[in-house]
Amino acid sequence: MQGLTLDKVFVERGVSGSKPIADRPQGAALLAVLQPGDTVITPKLDRMFRSALDALDAAIRILRETGGKASIVSFNISEPDLENFMKQPWTVTSSDGGPGHPREYATFQTKYAVYVKQKHTIDTGFFIRHSSGLTADIFKLDRRGYLKAGYFADVLVFDPNGYVPKADYIHPAVLSEGVKELFVNGVAAVDNGTPTGATAGRPLPHTPPIGTCN
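Residue numbering for the sequence shown follows my numbering, starting at 195 and increasing by one per position.
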C-alpha cells in the first residue's frame with residue numbers, strides 16, 4: 195500500500211498467550227482504525243508488515259501517537275456463517291456504527307446489494323421485513339415498522355436497481371445511493387433523491403410489556 199508506514203499501523207500479531215490473528219477465520223484481513231477519520235485497511239498481513247518490531251511495542255507506539263484513541267477491527271466471522279445467520283427468522287438488520295466503520299452509512303444498502311441482488315441469499319421481501327416490521331416487533335415500538343392506517347408515517351422508497359452502498363473502510367462516511375423518497379414521522383427527509391435537511395426523527399423509548407422486565 196502506498197504511504198503505509200510502521201508509524202501509522204498496528205498489526206495484531208499474537209503476543210504471548212494470545213491466538214495469532216492469522217489463525218482466525220478471516221485473519222488475513224485486518225482493519226486498523228487509528229483515530230476518527232483516519233483508517234487503514236490491510237489486504238494481507240504477510241504483505242503488509244515486514245518488520246521485526248514487536249507487536250506489543252507497536253501497540254504502545256500507536257496508542258501514544260494517537261492519544262490513546264487507536265483501535266482495530268478484525269474480521270472473524272466466516273461468510274457461510276454470516277449468510278446462515280442472516281437467513282434465520284429471528285435476525286434483523288443492525289447498523290451499530292462507530293468511528294471509521296462504514297456500517298453507519300451503508301449497512302442496509304450492503305445487505306441488499308450483496309445478499310439480495312448479488313448472492314440471492316435472501317429475497318427482497320425477507321430483506322424489507324427484517325429491516326422494518328420485525329425490528330419494530332422485537333423492540334415493541336408502538337405503531338412503527340408497518341404501512342398501516344394510524345401508524346407513524348416512516349416510509350422509504352428505493353430504486354431496486356440502484357440501491358447501493360458507497361461507503362467503505364477507507365471512506366466510511368459516504369452517503370449511499372438509490373433512496374428516492376424518505377419520510378420520517380410524515381416529514382420528507384429525502385425528496386426525489388435529495389436530502390431536504392428536515393430532522394423529524396425522535397428517540398423511541400422502549401416500554402417493557404406489563405409484567406415483564408424486557
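Glycine included, C-beta positions come from ideal geometry on N, C-alpha and C. The structure displayed is predicted, hence computed values, not measured ones.
C-beta contact flag for residue i and residue j at 8 angstroms
i, j, result
"residue 379", "residue 348", "yes"
"residue 366", "residue 294", "yes"
"residue 400", "residue 320", "no"
Minimum C-alpha distance to residue i - residue among the options
i, options, result
"residue 355", "367, 372, 362", "372"
"residue 402", "322, 382, 335", "335"
"residue 298", "343, 360, 340", "360"
"residue 288", "303, 362, 389, 358", "303"
"residue 339", "270, 366, 398", "398"
"residue 357", "301, 341, 329, 390", "301"
"residue 368", "377, 284, 296, 353", "296"
Distance, residue j Cα to residue i Cα
i, j, result
"residue 312", "residue 331", "28 angstroms"
"residue 314", "residue 254", "44 angstroms"
"residue 322", "residue 305", "11 angstroms"
"residue 310", "residue 286", "14 angstroms"
"residue 404", "residue 362", "43 angstroms"
"residue 235", "residue 370", "Unreliable placement is indicated for residue 235, whose pLDDT of 43 sits below 50; no coordinate value is reported for it."
"residue 375", "residue 290", "23 angstroms"
"residue 350", "residue 307", "16 angstroms"
"residue 383", "residue 394", "8 angstroms"
"residue 345", "residue 391", "23 angstroms"
"residue 337", "residue 276", "30 angstroms"
"residue 270", "residue 341", "37 angstroms"
"residue 328", "residue 316", "15 angstroms"
"residue 284", "residue 258", "43 angstroms"
"residue 364", "residue 353", "26 angstroms"
"residue 406", "residue 377", "33 angstroms"
"residue 272", "residue 381", "40 angstroms"
Per DSSP, cross-strand counterpart(s) of residue i
i, result
"residue 382", "377"
"residue 350", "376"
"residue 388", "385"
"residue 371", "358"
Residue i, buried or exposed, once every other Cβ within 10 Å from all chains shown has been counted against 16
i, result
"residue 282", "exposed"
"residue 343", "exposed"
"residue 388", "exposed"
"residue 274", "exposed"
"residue 326", "buried"
"residue 324", "buried"
"residue 279", "exposed"
"residue 318", "exposed"
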